[in-house]
Amino acid sequence: MSHRDPPGIIAPHIPADEWRRAQATGQPIVVVVHDRTPTDPVWRRCLIPFAIAGAVVVGGWGLVVALCWLLDTAAHTATVIAGAAGPVSVGGISLKLFGSKR
């Protein structure tokens, strides 16, 4: 990151001996101010906010995909366990959860 002086400062530093010599002789001090234009194009200033927004969107979709995968895996696991367990009976009432449709 380049150093930027606050507005209103003409020169960052004038050496003391040059200043004293100019005061003693009445010689003027010439200060050259280079008014530079920003070297970064306009699109670079917009790049960081768009990159952050894009990362948030991609992360959000990643969370949605991970949640869908997790729920799908849980449903398949529950199906396999219920199919292997056979009929469930409570108090003499039996219930077959997953069976063949014959």
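Start counting the sequence shown at 0; every next residue gets the next number (numbering that gives the first Met the number 0). For each residue, glycine too, the CB sits at the ideal point set by N, CA and C.
Beta-carbon proximity check, residue i vs residue j, cutoff 9 angstroms
i             : j           : result
isoleucine 13 : valine 30   : yes
glutamine 26  : arginine 20 : yes
Span of the alpha helix (DSSP H) around residue i
i            : result
glycine 58   : 41–84
glutamine 22 : 15–24
Spatial distance of residue i from residue j (CA atoms)
i             : j             : result
aspartate 71  : alanine 54    : 25 angstroms
valine 149    : alanine 50    : Residue 149 is absent from the model: the chain starts at 0 and stops at 101.
isoleucine 28 : arginine 43   : 38 angstroms
histidine 75  : leucine 66    : 14 angstroms
alanine 83    : leucine 62    : 32 angstroms
valine 64     : isoleucine 92 : 40 angstroms
The ligand COA heavy atom lying under 8 angstroms from the CB of residue i
i             : result
isoleucine 13 : No copy of the ligand COA appears in this structure; indeed no ligand is present at all.
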